[in-house]
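Student: Final position of the sequence shown in this note's numbering is 521; the numbers increase by one with none missing.
Glycine included, C-beta positions come from ideal geometry on N, C-alpha and C.
Right, I'll just put the structure down here and ask away after.
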Amino acid sequence: MFEVLETAKKVAAESLQVQIDEHALVRFSKSLSEKEVQLPPWESLYHFYDGGEKTVCYLLVLDTLNFCFWPAPEATKWEIEYKSRKLSGYYALAVSLKQALESGTPIDRAEFLTQLSLNGLKDILGGRGELQLLNQRVQNLNELGRALIEEYHGKASELVEAAGQSAIALVRMLYRRLSSFRDVAKYQGHQVPFYKRAQIFAADLCGAFQGRKWGRFADMDNLTAFADYKLPQVLRHLAILSYAPELGNKIDQRILIEAGSPEEVEIRANTIWAVELIRQELEKMGKGLKAFEIDWILWNMGQDEAFKQKPYHRTATIFY
């Protein structure tokens, strides 16, 4: 079993502040199985795609920055305008990087990434408001550029090829080589890996290249859900996740939850394990979906206002 799933299962069994309601989980799985489930298509409108190596690097840069889109207390949410629409969060980031590439800013060149400054990143992102953890984002990109130069001739495509069409091998390579992808916590004295952004990079490659070329992996079914702050919000709305009163009040009052704290680890681990249980239920019902596909479905559900009645938990971290 992939170590992320194995440890998530253990944390879920030992959790004190987060619980999975199996009746609600089965109910949701049944309703999902009865629908003509359409997997969300790859959003070509918001993402750069040229079918080649440039796209691979674009996605790696995107997922190196893919975290913490909610505004800091008292700050204005970061957003951009694109094709007469206001975009924030992940899609705003995807579009900003896409526009940078299309306008000739060489974010696909490792040398450029190593030298990128805070002001340089601000120029690339543009828009209004404030995106959190900008200094850390610059450090992530500088580190990425150095790693690509030192080991992969400056090419993200060579890094992906070194994984030998294994998504799990790619995830572990990113974890070992790049500190910004080292998404591991501790719980009851044990290591708990999540590898959220590393896993999502493999899934993004698969989605963008439609399972071909650099998006062809033989073991996509081994990926887990991507433990972030949107999925727990959706699972809580569905009554699949329930929180102890003190934790629920903290989340509802938008009180920051410390990265690596027992309650934060429990939220993330139970999210992963709940999605795995949904996958198992759907399999029993004859509906074969992979964990990352269920993740995509839930994440897209979370963009609907109905699923935003209660806030998501807030943790200032580079990992999600």
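Which residue marks the beginning of the alpha helix (DSSP H) containing residue 291, and which one marks its end?
Tutor: Counting from 1 along the sequence shown, the entry for residue 291 is found at position 90. Per DSSP, residue 291 belongs to the alpha helix (DSSP H) from 290–303.
Student: Counting Cβ pairs, one atom from each stretch, are 3 or more of them under 8 angstroms apart for the stretch 310–322 and the stretch 333–351?
Tutor: As far as the Cβ criterion goes, the stretch 310–322 touches the stretch 333–351, which means the pair count is three or higher.
Student: With distances taken Cα to Cα, identify the nearest neighbour of residue 243 among 416, 431 and 441.
Tutor: Here the question's residue 243 lines up with position 42 in the sequence shown. Nearest of 416, 431 and 441 to residue 243, Cα basis: 416.
Student: I'd like to know whether the C-beta atoms of residue 279 and residue 319 end up nearer to each other than 9 angstroms.
Tutor: In the sequence shown, residue 279 corresponds to position 78, counting from 1. In the sequence shown, residue 319 corresponds to position 118, counting from 1. Cβ atoms of residue 279 and residue 319: not closer than 9 angstroms.
Student: Exposed or buried, residue 514, counting other C-beta atoms within 10 Å across all chains shown (16 or more means buried)?
Tutor: Your numbering for residue 514 matches position 313 in the sequence shown. By the neighbour-count rule (16 or more Cβ atoms within 10 Å), residue 514 is buried.
Student: What are the boundary residues of the beta strand (DSSP E) that includes residue 283?
Tutor: As a working note, residue 283 is residue 82 in the sequence shown. Looking at the DSSP string, the run of the beta strand (DSSP E) that includes residue 283 is 280–283.
Student: Tell me the residue span of the alpha helix (DSSP H) that contains residue 210.
Tutor: As a first step, residue 210 must be located in the sequence shown, where it is residue number 9. It spans 204–215 - the alpha helix (DSSP H) in which residue 210 sits, taken as one unbroken run.
Student: On a CA-only basis, which of 429, 512, 465 and 406 is nearest residue 476? Give me that one, please.
Tutor: If you number the sequence shown from 1, residue 476 lands on position 275. Of the listed residues, the one whose Cα sits closest to residue 476 is 429.
Student: Once the 5 residues before and after residue 494 are set aside, which same chain residues still bring their CB inside 8 angstroms of it?
Tutor: What you label residue 494 is simply residue 293 of the sequence shown in a count that begins at 1. Contacts found: 240.
Student: Would residue 294 pass as a contact of residue 263 if the rule is Cβ separation under 9 angstroms?
Tutor: On the sequence shown, residue 294 is found 93 positions in, with the first residue counted as 1. On the sequence shown, residue 263 is found 62 positions in, with the first residue counted as 1. Taking 9 angstroms as the Cβ cut-off, residue 294 and residue 263 qualify as a contacting pair.
Student: Near residue 218, which residues of its chain fall below 8 angstroms by C-beta distance, leaving aside the five closest residues on each side in sequence?
Tutor: For the purposes of this step, residue 218 is identified with residue 17 of the sequence shown, where counting begins at 1. Excluding sequence neighbours, residue 218 sits near 444, 445, 447, 448, 463, 464 and 467.
Student: Determine the burial state of residue 305: buried for a count of at least 16 other Cβ atoms within 10 Å of its Cβ, exposed for fewer.
Tutor: As a first step, residue 305 is located in the sequence shown; it is residue number 104 there, counting from the start. Classification for residue 305: exposed.
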